[in-house]
Each structure stands twice: as structure tokens, then as C-alpha cells.
Amino acid sequence: MLEKPTLPVAVKRNLLRALQFVQIPTRYQGRVANCCFTFLTGTEPIAIKVFAMTVLANLTHQNPELKNELIPIIESQLPFGSAGFVSRAKKY
Numbered sequence: 048m049l050e051k052p053t054l055p056v057a058v059k060r061n062l063l064r065a066l067q068f069v070q071i072p073t074r075y076q077g078r079v080a081n082c083c084f085t086f087l088t089g090t091e092p093i094a095i096k097v098f099a100m101t102v103l104a105n106l107t108h109q110n111p112e113l114k115n116e117l118i119p120i121i122e123s124q125l126p127f128g129s130a131g132f133v134s135r136a137k138k139y
């Protein structure tokens with residue numbers, strides 16, 4: 048569902064909130080990571096970006112190569128992020 052372009056913001060936010068607490072099966076990790084990177088670099092609301100960052104940080108435990116992509120994106124958005132975004136970014 049995350050790949051649908053017309054997905055309402057509330058649905059994206061709640062799907063990402065749920066994904067941060069579960070183990071994502073290996074066959075879906077690439078698709079989920081692509082969606083999360085798109086949300087993190089796009090013009091989504093802060094809550095979606097924060098949840099996407101958490102899902103990506105969780106995926107780095109099984110795919111350490113994602114760190115090389117995630118860290119520069121987070122660092123580039125720190126000056127423009129809200130207090131919640133900055134706090135979560137510093138955690139990871």
C-alpha cells in the first residue's frame with residue numbers, strides 16, 4: 048500500500064508507525080526501504096519522515112549497507128527538521 052501515489056497522509060503515517068515495531072520479511076525489505084527513502088527525502092509531514100527514519104534504522108540491523116545511504120540523508124535534513132525529527136535523528 049505504501050507504493051500507491053494517492054495514499055492519504057494518515058494511512059501512510061499509521062502504516063509506518065506499525066512497521067517500526069515489526070520484523071519486515073526479507074522479500075519486502077527492499078520495497079519498504081525504497082518507500083521510506085522516498086518519504087524521507089520528499090515533502091511529507093514530519094511524522095511520516097520520523098517514522099520512515101525509524102523503519103530504515105531498524106532495517107540497517109539486517110542490511111548494514113543502508114547506513115551509507117541513510118546517514119547523509121538525515122544529516123542533510125537536520126538544519127530544517129523539527130525538534131522531534133532532530134531528536135530521533137540524534138538517537139540513530
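Positions in the sequence shown are counted from 1; adding 47 to them yields the working numbering. Each residue gets a CB set at the ideal place from its N, CA and C atoms; glycine is no exception. Quantities reported herein were computed from a predicted structural model and do not represent experimental measurements.
Backbone secondary structure at residue i - three-state DSSP
i	result
residue 89	coil
residue 50	coil
residue 128	coil
residue 101	helix
residue 115	helix
Close-in-space but distant-in-sequence residues of the same chain around residue i (CB under 8 Å, 5 per side omitted)
i	result
residue 116	84
residue 113	80, 103, 106, 107
residue 110	76, 80
residue 58	48
Exposure of residue i, with buried meaning 16 or more beta-carbon neighbours within 10 Å
i	result
residue 125	exposed
residue 66	buried
residue 99	buried
residue 68	exposed
residue 86	buried
residue 101	buried
residue 54	exposed
Own chain, CB closer than 7 Å to residue i, minus 5 neighbours either side, in chain order
i	result
residue 131	93, 97
residue 62	48, 49
Other residues of its chain near residue i: CB distance less than 6 Å, five sequence neighbours each side excluded
i	result
residue 121	136
- Taking the runs of the alpha helix (DSSP H) that are 4 residues or longer, which of them lie wholly in the region 49-84? 56-66
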